[in-house]
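Peer 1: In the working numbering, the protein residues as written are 2 to 619.
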Ligand SMILES: Nc1ncnc2c1ncn2[C@@H]1O[C@H](COP(=O)(O)OP(=O)(O)OP(=O)(O)O)[C@@H](O)[C@H]1O
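Now the structure itself:
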């Protein structure tokens with residue numbers, strides 16, 4: 002019982018949470034909803050009770066016909082005004098205000114999604130909550146507004162109507178209230194059932210959504226056409242579909258039985274019961290006049306509907322409350338890493354050094370640590386390379402450096418202070434980073450380079466300079482719209498599709514466009530031929546003489562350009578030193594380097610890159 006009470010209170014609170022949200026985003030919409038609902042309920046009550054009562058009494062008391070006509074005309078005028086207002090609300094105001102409300106709501110959700118830590122997107126439960134919040138948000142906000150206004154005005158309507166009915170015969174109220182309790186009970190049960198059905202089908206729906214998304218996205222199109230992965234996707238979709246069907250089957254019989262009782266109690270008992278009792282009073286017992294019987298009939302229809310709406314709305318409060326829990330949970334999630342925190346503790350560049358101290362890191366849910374006992378330093382102006390086989394922990398180290406995750410043990414310090422002490426946005430502004438899984442957006446090349454809007458000529462110049470440094474400006478300049486060319490054909494037929502390597506160069510240009518203190522290239526050069534990669538790294542080292550640079554590359558010819566190289570294996574730093582030091586120590590780095598050098602020489606590729614090493618060896 003206490004649980005039911007606690008749930009009901011939580012659900013009511015959730016409804017008010019959404020109400021306040023809607024009010025803060027679009028108060029006019031809230032007011033309009035309430036005014037329209039008041040008008041609707043007023044006309045119901047007026048017609049059902051007062052209009053009929055007045056007419057019947059006028060006929061029995063033989064009132065002046067002109068007076069009756071005047072009353073009817075005034076009533077019609079009032080109804081016309083109300084229905085015009087309703088029409089304007091439904092067809093003009095509401096569709097537009099829906100869009101405005103949803104736009105604000107989704108911006109809020111998108112902002113939140115963009116600000117939670119990266120690990121949230123790897124957390125199943127959080128991701129479920131997020132998708133549910135996004136899917137449900139717009140429907141729920143409208144439903145809550147409609148519902149709350151309905152509760153208030155249906156209650157007022159029901160009270161007015163039942164007062165009139167009570168004055169005719171107090172017992173008639175029993176016919177109305179008893180079935181309502183049943184209706185309320187079964188309605189609540191039905192909603193609970195629907196909620197469970199929905200929850201259980203979510204994992205299956207996510208499978209279906211995934212296939213929908215993958216089939217539709219252009220960057221999967223090639224693989225789907227050139228392989229037999231389609232059959233696996235089809236099976237995944239089928240699995241999802243069959244899962245949803247099995248959930249529907251599981252609840253089908255129970256839902257049918259509950260719906261039957263809900264309908265039977267509402268319609269049969271409410272409508273027929275009072276009419277029968279009224280007829281008994283008027284004809285058998287003769288305790289009420291026939292005019293009262295007529296008023297009882299019309300009042301009963303309207304009063305019962307008002308009550309049904311009220312009980313449905315109360316059940317709906319619960320239903321909305323349960324769904325809103327996801328939305329509220331998502332919006333009120335407190336990030337451990339405050340992504341959008343205010344800049345009250347700004348970082349103070351210029352950077353002197355950034356250091357990892359005995360740092361350990363394990364991803365949530367992972368059994369083994371991805372980084373163990375990492376100690377390294379990057380100084381101002383220093384060029385660092387991280388090398389090692391796949392899965393060694395190189396990218397993870399970069400993610401921790403950028404504070405996309407916090408270490409499990411140990412610390413990262415910037416100029417001697419733990420990076421947690423700095424405002425996150427200003428700390429991250431120290432970095433210009435290009436990841437191996439960078440994304441190109443369906444926007445102009447200039448926006449893709451700046452990663453924001455182009456504001457002035459200085460911005461345009463910056464884009465051009467950055468594209469020159471990443472060795473792709475000649476290609477861009479040859480396009481009809483130059484740096485204003487839209488990338489991809491997602492929205493624009495004139496959009497261009499570039500090669501993988503050209504996209505990588507655009508992504509690298511982002512790094513040059515940022516006024517960063519530390520530049521990080523997490524292997525964004527895999528689609529470049531070895532010479533192009535070597536040239537870009539050289540150009541970067543030239544352009545970034547006064548900056549710290551961290552390079553992750555599987556190509557040793559690029560790594561050897563760094564002042565210091567860290568060789569990583571199994572999440573640990575196994576070797577560290579300059580290229581020459583590491584070659585002389587003849588460890589794993591030297592082994593890897595020589596293997597690659599042999600390969601390049603055999604293939605007569607990258608002879609330019611190997612030359613410097615050959616010179617040093619002789
Ligand atoms: N989001 C994640 N959740 C759980 N484990 C992860 C996650 N990302 C990486 N890992 C694990 O952490 C380890 C290190 O991965 P990381 O991406 O840092 O390696 P890497 O050295 O950059 O590899 P590569 O050269 O292939 O890019 C791997 O074993 C990987 O499986």
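The C-beta atom is built at its ideal place from N, Cα and C for all residues, glycine as well.
Since the model is a prediction, treat every value here as computed from it, not as a measurement.
If you draw a straight line from the alpha carbon of residue 52 to that of residue 38, how long is it in whole angstroms?
Peer 2: Going by the C-alpha atoms only, they are around 20 angstroms apart.
Peer 1: Is the stretch 315-334 close to the stretch 365-385, with three or more CB pairs under 8 angstroms?
Peer 2: The stretch 315-334 is not in contact with the stretch 365-385.
Peer 1: Exposed or buried, residue 111, counting other C-beta atoms within 10 Å across all chains shown (16 or more means buried)?
Peer 2: Label assigned to residue 111: exposed.
Peer 1: Would you check whether ligand 1 has a heavy atom nearer than 7 angstroms to the C-beta of residue 567?
Peer 2: Because no heavy atom of ligand 1 lies under 7 angstroms away, the Cβ of residue 567 does not count as near it: no.
Peer 1: DSSP state of residue 439, grouped into three classes?
Peer 2: Looking at residue 439 - three-state DSSP - the assignment turns out to be coil, as it is neither helix nor strand.
Peer 1: Within the same chain, show all residues whose beta-carbon is closer than 8 angstroms to that of residue 224, passing over the 5 residues directly before and after it, in chain order.
Peer 2: Taken in chain order, the residues that qualify are 230.
Peer 1: Cβ atoms of residue 361 and residue 380: under 8 angstroms apart, would you say?
Peer 2: Cβ atoms of residue 380 and residue 361: not closer than 8 angstroms.
Peer 1: From which residue to which residue does the alpha helix (DSSP H) around residue 578 run?
Peer 2: Unbroken run through residue 578 is the beta strand (DSSP E), 573-578; no alpha helix (DSSP H).
Peer 1: Within 10 angstroms of the Cβ of residue 513, are there 16 or more other Cβ atoms? Answer buried if so, exposed if not.
Peer 2: With 16 or more Cβ atoms within 10 Å of its Cβ, residue 513 is classed as buried.
Peer 1: Rounded to a whole number of angstroms, what is the C-alpha to C-alpha distance between residue 432 and residue 151?
Peer 2: One C-alpha to the other measures close to 53 angstroms.
Peer 1: Ligand 1 and residue 437: does the residue's C-beta get closer than 7 angstroms to at least one heavy atom of that ligand?
Peer 2: True, at least one ligand heavy atom lies under 7 angstroms from that Cβ.
Peer 1: When we look at the beta-carbon of residue 239 and count the other beta-carbons within 10 Å, is it buried (16 or more) or exposed?
Peer 2: So residue 239 ends up on the exposed side.
Peer 1: When you compare each of 84, 104, 164 to residue 304 by their alpha carbons, which one comes out closest?
Peer 2: When each option's Cα is compared against that of residue 304, the closest is 164.
Peer 1: Cutting at 6 angstroms between CB atoms, please list the residues of its own chain near residue 491, excluding the five before and the five after it.
Peer 2: Correct list, in chain order: 443.
Peer 1: Here's a check: name, in chain order, each residue in its chain whose Cβ is nearer than 8 angstroms to the Cβ of residue 106, leaving out the five neighbours to either side.
Peer 2: So the qualifying residues of the chain are 22, 26, 138, 139, 142.
Peer 1: Heavy atom of ligand 1 less than 7 angstroms from the Cβ of residue 560, yes or no?
Peer 2: It does not: the Cβ of residue 560 is nowhere closer than 7 angstroms to a heavy atom of ligand 1.
Peer 1: Quick one, are the C-beta atoms of residue 30 and residue 84 less than 8 angstroms apart?
Peer 2: Not a contact, by the Cβ cut-off of 8 angstroms.
Peer 1: Relative to the C-alpha of residue 412, which candidate in 576, 538, 89, 373 has its C-alpha closest?
Peer 2: Checked all of 576, 538, 89, 373; the closest Cα to residue 412 is 373.
Peer 1: Rounded to whole angstroms, what is the Cα-Cα separation between residue 54 and residue 208?
Peer 2: Each residue's Cα considered, the two are about 60 angstroms apart.
Peer 1: Just curious, the alpha helix (DSSP H) that residue 510 is in, first and last residue?
Peer 2: Note, residue 510: alpha helix (DSSP H), 501-514.
Peer 1: Assess contact between the stretch 202-221 and the stretch 168-184, defined as three or more Cβ pairs (one per stretch) separated by less than 8 angstroms. Is contact present?
Peer 2: Not touching, per the Cβ criterion.
Peer 1: Are the beta-carbon atoms belonging to residue 161 and residue 50 less than 8 angstroms from one another?
Peer 2: In this structure, residue 50 lies closer than 8 angstroms to residue 161 by Cβ.
Peer 1: I need the boundaries of the alpha helix (DSSP H) containing residue 565, first residue and last residue.
Peer 2: Not the alpha helix (DSSP H): residue 565 falls in the beta strand (DSSP E), residues 565-570.
Peer 1: Between residue 148 and residue 318, is the Cβ-Cβ spacing less than 8 angstroms?
Peer 2: Against a cut-off of 8 angstroms, the Cβ pair of residue 318 and residue 148 comes out as a contact.
Peer 1: What are the boundary residues of the alpha helix (DSSP H) that residue 398 is part of?
Peer 2: Its alpha helix (DSSP H) spans residues 395-402.
Peer 1: Measure the alpha-carbon distance for residue 61 versus residue 292 and round it to whole angstroms.
Peer 2: Straight-line Cα distance between these residues: approximately 9 angstroms.
Peer 1: Quick check: is any heavy atom of ligand 1 less than 7 angstroms from the C-beta of residue 260?
Peer 2: Outside the cutoff, so no.
Peer 1: Would you mind working out which of 70, 550, 174 sits nearest residue 384, comparing C-alpha positions?
Peer 2: Nearest of 70, 550, 174 to residue 384, Cα basis: 550.
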